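K.L.:
Following this message is one structure expressed as structure tokens.
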Amino acid sequence: MEILVIGGGFAGVWSAAAAARVGRDHASAGARPHITLVSDSDEMVIRPRLYERDPVQMSVLLDRVLKPIGVERVHARVIDIDTAARAVTVADTMGQVRVLDYDRLVLAAGSQVLTPNIPGREFLFNIDTIAAADTLEQHVRKLASVSDAHEGRFTAVVIGAGFTGLEIATELIGRLRELAQANSAHARVILVDRSTEVGPQLGEGPRPFITSSLEQLGIEVRLGSGVSEVTDSQVRLIDGEVIAASTTVWTVGMTASPLTAMVPGDRDPIGRLIVDEYLRVPSTPDVYAAGDTAAATVEDGHVTMQSCQHATPLGKFAGYNVAADLLGLPPVPFAPNPYVTCLDLGAAGAVLTTGWDREVQMTGSEAKAFKHRINTEWIYPPVDDEAAILAQADYLYTWSLD
Ligand SMILES: Cc1cc2nc3c(=O)[nH]c(=O)nc-3n(C[C@H](O)[C@H](O)[C@H](O)COP(=O)(O)OP(=O)(O)OC[C@H]3O[C@@H](n4cnc5c(N)ncnc54)[C@H](O)[C@@H]3O)c2cc1C
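Shown next, in the form of structure tokens:
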């Protein structure tokens with residue numbers, strides 16, 4: 001009995017751990033499913049932290065989670081999924097190609113930001129991966145040594161006033177101000193969005209606090225606008241405004257992994273596989289999807305978000321169900337914890353909301369302390385400890401908010 005998990009992010013790691021837990025609890029040692037996790041990285045990347053300083057530190061070695069629970073890891077890139085043959089083709093770091101067979105597959109290959117096809121797109125930074133976030137980090141550090149003559153030296157334009165755009169914009173203004181003050185210069189951050197509101201998908205609840213935070217931090221906003229061209233020293237907006245800026249960060253347009261297109265099934269507009277209540281792809285029932293590759297319908301018809309908060313339980317339920325399926329146990333329908341968002345707003349603190357209507361529960365430094373605990377404790381898996389990892393792999397596990 002072979003379970004194959006594609007992806008070593010929140011969804012993939014917790015799928016593998018939850019499947020291992022089912023094996024431990026419901027089968028004798030010899031009858032447990034064999035679990036393999038294939039990822040193109042040795043690390044589980046803590047993506048929600050990539051807007052922070054020193055992004056290269058935001059990862060956990062996969063072996064510290066997978067080895068203690070007996071999950072085999074393959075470091076390779078998946079290049080093909082053949083659901084009819086139940087076979088996944090991978091290429092390792094040396095380019096060697098091999099085929100991994102499976103009885104049940106969990107696709108948890110995540111998402112990626114799509115940069116636009118505009119002149120100068122090569123000058124756009126993003127914070128989608130550790131490598132991309134570190135490129136931005138190194139660029140920001142070097143700004144202190146760039147020639148004084150450049151007008152936009154300490155100016156950043158952030159495209160997208162959604163969750164990621166707001167977090168990086170409010171982080172960057174602090175970083176740039178530090179550098180600018182040391183050089184007797186002025187720092188600017190300009191947030192650009194096609195929408196007529198900041199945080200277009202965050203709703204009415206947190207907007208007043210977000211808006212006042214942007215004002216407090218001196219972040220300029222250009223709404224109903226977009227970018228038409230970028231160079232290494234300026235940005236042209238669609239209304240013709242030209243902003244001198246050394247740094248332009250793109251945060252818009254998350255799309256599911258292209259591997260989703262290799263699984264027969266219905267997909268939503270951002271490419272996610274539409275799954276049933278057990279997280280199976282209905283037309284390909286040997287395949288389950290979790291995390292940013294899956295669109296699951298939850299409370300009152302809401303669809304899961306591409307978020308760590310949903311990727312983690314999606315992973316646990318998918319892992320449970322895939323192992324249960326092989327062992328003849330009844331599947332459990334997906335039910336996440338109540339929906340919460342916590343948006344970091346740099347020196348202005350943070351805003352915590354609950355529910356799909358995003359009712360504000362906490363703001364400012366109190367919410368910032370909550371965000372700090374999310375980012376430094378709650379989203380990390382336990383390491384080097386089989387009992388702790390398997391305990392947290394329970395789909396009923398909830399964080400203690402004490
Ligand atoms: C800057 C930023 C801030 C965010 N902030 C928040 C937040 O505050 N709260 C929140 O809930 N969410 C946040 N998110 C979203 C959250 O990080 C994602 O929803 C979450 O990481 C999804 O988990 P996942 O396991 O589905 O995918 P990922 O974490 O993307 O993991 C995918 C895995 O698949 C692997 N993979 C991909 N393709 C292949 C392939 N072809 N072959 C082999 N392996 C492959 C990758 O290496 C990776 O290990 C943020 C995201 C970003 C980028």
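So for the sequence shown, UniProt numbering puts the first residue at 1; every next one is plus one. Glycine included, each C-beta is placed from N, C-alpha and C at the ideal position. Values in this document were obtained by computation on a predicted structure and should not be read as measured data.
1. So, does the CB of residue 72 fall closer than 9 angstroms to a CB anywhere in chain B?
2. Count the other CB atoms within 10 Å of the CB of residue 94; is the residue buried (16 or more) or exposed (fewer)?
3. Let me check understanding here. Comparing Cα to Cα, which of 1, 3, 76 and 10 lies closest to residue 314?
4. Any chance you could list the beta strand (DSSP E) runs of at least 3 consecutive residues sitting entirely within the segment 31-100, in chain order?
5. Under a three-way DSSP split, which group does residue 411 fall into?
6. For residue 285, name the three-state secondary structure that DSSP assigns.
7. If I measure Cβ to Cβ from residue 61 and keep anything under 7 angstroms in the same chain, skipping five residues before and after, which residues do I get?
8. May I ask which residues mark the beginning and end of the alpha helix (DSSP H) holding residue 135?
9. May I have a chain-ordered list of the alpha helix (DSSP H) segments no shorter than 4 residues that lie completely inside the segment 259-343?
10. Closer than 8 angstroms: is that where the CB of residue 201 sits relative to any heavy atom of ligand 1?
11. Less than 8 angstroms between the CB of residue 292 and some heavy atom of ligand 1, yes or no?
12. Roughly how many angstroms lie between the CA atoms of residue 65 and residue 319, to the nearest whole one?
13. My output table needs one value for residue 392: the three-state DSSP class, helix, strand or coil.
14. In terms of DSSP beta bridges, what is residue 364 paired with?
15. Measure the C-alpha to C-alpha separation of residue 379 and residue 53 and round it to an integer number of angstroms.
16. May I ask which residues mark the beginning and end of the beta strand (DSSP E) holding residue 2?
17. Can you give the beta carbon distance from residue 71 to residue 109, rounded, assuming they're within the 8 angstroms contact cut?
18. Hey, would you say residue 46 sits closer than 9 angstroms to residue 230, going by beta carbons?
19. Which whole-angstrom value is the C-beta distance of residue 273 and residue 265, which I expect to be below 8 angstroms?
20. So, under 8 angstroms CB-CB, residue 1 and residue 26 are touching, yes? Tell me the CB distance rounded to an integer number of Å.
21. Can you name the residues that DSSP bridges to residue 256?
22. Could you tell me the alpha carbon to alpha carbon distance between residue 122 and residue 397, rounded to whole angstroms?
23. Between the Cα of residue 299 and the Cα atoms of 289, 334, 330 and 323, which residue gives the shortest distance?
24. Once you ignore the five residues that flank residue 363 on each side, which residues in its own chain have a CB closer than 7 angstroms to its CB?
25. When you compare only the Cα positions, how much space is there between residue 5 and residue 185?
26. For residue 220, report the span of its alpha helix (DSSP H) as first-last.
27. Among 253, 153, 281 and 177, whose alpha-carbon lies nearest the alpha-carbon of residue 201?
28. Beta-carbon separation of residue 130 and residue 56 under 9 angstroms?
29. How is the beta strand (DSSP E) around residue 244 delimited, first residue to last?
30. Flag residue 255 as yes when its Cβ comes closer than 8 angstroms to any non-hydrogen atom of ligand 1, and as no otherwise.
31. How many Å lie between residue 49 and residue 387 at the Cα?
32. Is any non-hydrogen atom of ligand 1 found closer than 8 angstroms to the C-beta of residue 307, if you look at the structure I gave you?
33. Hey, could you find the ends of the alpha helix (DSSP H) residue 213 is sitting in?
34. For residue 25, which three-state DSSP category applies?
35. Any idea if residue 31 is buried or exposed, counting beta-carbon neighbours within 10 angstroms, 16 or more meaning buried?
36. Tell whether a beta-carbon distance below 9 angstroms holds between residue 168 and residue 157.
P.N.:
Put simply:
1. The chain labelled as chain B is not found in the depicted structure, where only one protein chain is given.
2. The sequence position of residue 94 within the sequence shown is 94, counting from 1. It is exposed - the Cβ of residue 94 has fewer than 16 other Cβ atoms within 10 Å.
3. Walking along the sequence shown from the start, residue 314 turns up at place 314. Checked all of 1, 3, 76 and 10; the closest Cα to residue 314 is 10.
4. 34-39, 43-45, 59-61, 72-82 and 87-92
5. Outside the shown range of the chain (1 to 402) lies residue 411, about which nothing can therefore be said.
6. Position 285 of the sequence shown holds residue 285. Residue 285: strand per DSSP, three-state reduction.
7. As a first step, residue 61 is located in the sequence shown; it is residue number 61 there, counting from the start. Correct list, in chain order: 42 and 43.
8. Locating residue 135 in the sequence shown gives position 135, counting from the first residue. Counting along the chain, the alpha helix (DSSP H) containing residue 135 begins and ends at 130-142.
9. 308-327
10. Numbered from 1 along the sequence shown, position 201 holds the residue referred to as residue 201. It does not: the Cβ of residue 201 is nowhere closer than 8 angstroms to a heavy atom of ligand 1.
11. Locating residue 292 in the sequence shown gives position 292, counting from the first residue. Yes.
12. Counted from its first residue, the sequence shown places residue 65 at position 65. Counted from its first residue, the sequence shown places residue 319 at position 319. Taking the straight line from one Cα to the other gives about 15 angstroms.
13. Locating residue 392 in the sequence shown gives position 392, counting from the first residue. In the structure shown, residue 392 sits in a helix (DSSP, three-state: H, G or I).
14. Counted from its first residue, the sequence shown places residue 364 at position 364. Bridge partners of residue 364: 350.
15. Residue mapping note: residue 379 aligns to position 379 of the sequence shown, counting from 1. Residue mapping note: residue 53 aligns to position 53 of the sequence shown, counting from 1. Distance between the alpha carbons of residue 379 and residue 53 is about 18 angstroms.
16. As a position in the sequence shown, residue 2 is number 2, starting the count at 1. Run containing residue 2: 2-6, per the beta strand (DSSP E) assignment.
17. By 1-based counting over the sequence shown, the position of residue 71 is 71. By 1-based counting over the sequence shown, the position of residue 109 is 109. The Cβ separation is near 17 angstroms, so there is no contact.
18. Here the question's residue 46 lines up with position 46 in the sequence shown. Here the question's residue 230 lines up with position 230 in the sequence shown. No. Outside cutoff.
19. Walking along the sequence shown from the start, residue 273 turns up at place 273. Walking along the sequence shown from the start, residue 265 turns up at place 265. Going by Cβ atoms, the distance from residue 273 to residue 265 rounds to 5 angstroms, so yes, they are a contact pair.
20. The residue labelled residue 1 in the question sits at position 1 within the sequence shown. The residue labelled residue 26 in the question sits at position 26 within the sequence shown. Not a contact, Cβ separation roughly 12 angstroms.
21. On the sequence shown, position 256 is the one that residue 256 refers to. Note: residue 256 sits in a beta bridge opposite 111.
22. What you label residue 122 is simply residue 122 of the sequence shown in a count that begins at 1. What you label residue 397 is simply residue 397 of the sequence shown in a count that begins at 1. Using only the alpha carbons, I get a separation of about 43 angstroms.
23. Looking up residue 299 in the sequence shown gives position 299. Nearest Cα to residue 299 within the set 289, 334, 330 and 323: 334.
24. On the sequence shown, position 363 is the one that residue 363 refers to. Cβ neighbours of residue 363 beyond the five flanking positions: 209, 349 and 351.
25. For the purposes of this step, residue 5 is taken as the residue at position 5 of the sequence shown. For the purposes of this step, residue 185 is taken as the residue at position 185 of the sequence shown. C-alpha separation (whole angstroms): 50 angstroms.
26. Position 220 of the sequence shown, counted from the first residue, corresponds to residue 220. DSSP places residue 220 outside any alpha helix (DSSP H); the residue lies instead in the beta strand (DSSP E), whose first and last residues are 220-223.
27. Translated into positions along the sequence shown, residue 201 becomes position 201. That would be 253, whose Cα lies nearest to the Cα of residue 201.
28. Here residue 130 refers to the residue found at position 130 when the sequence shown is read from its first residue. Here residue 56 refers to the residue found at position 56 when the sequence shown is read from its first residue. Yes, Cβ-Cβ distance for residue 130 and residue 56 is below 9 angstroms.
29. Position 244 of the sequence shown, counted from the first residue, corresponds to residue 244. Element bounds for residue 244: 242-244.
30. Residue mapping note: residue 255 aligns to position 255 of the sequence shown, counting from 1. Residue 255 Cβ: outside cutoff for every heavy atom of ligand 1.
31. For this step, residue 49 is matched to residue 49 along the sequence shown. For this step, residue 387 is matched to residue 387 along the sequence shown. Cα to Cα, the separation comes out at about 26 angstroms.
32. For the purposes of this step, residue 307 is taken as the residue at position 307 of the sequence shown. Checking the Cβ of residue 307 against ligand 1 gives yes.
33. Taking the first residue of the sequence shown as position 1, residue 213 is located at position 213. Run containing residue 213: 207-217, per the alpha helix (DSSP H) assignment.
34. Numbered from its first residue, the sequence shown carries residue 25 at position 25. DSSP places residue 25 within a helical segment (H, G or I) once states are collapsed to three.
35. Here residue 31 refers to the residue found at position 31 when the sequence shown is read from its first residue. Residue 31 comes out exposed.
36. If you number the sequence shown from 1, residue 168 lands on position 168. If you number the sequence shown from 1, residue 157 lands on position 157. Cβ distance not < 9 angstroms, so residue 168 and residue 157 don't count as in contact.
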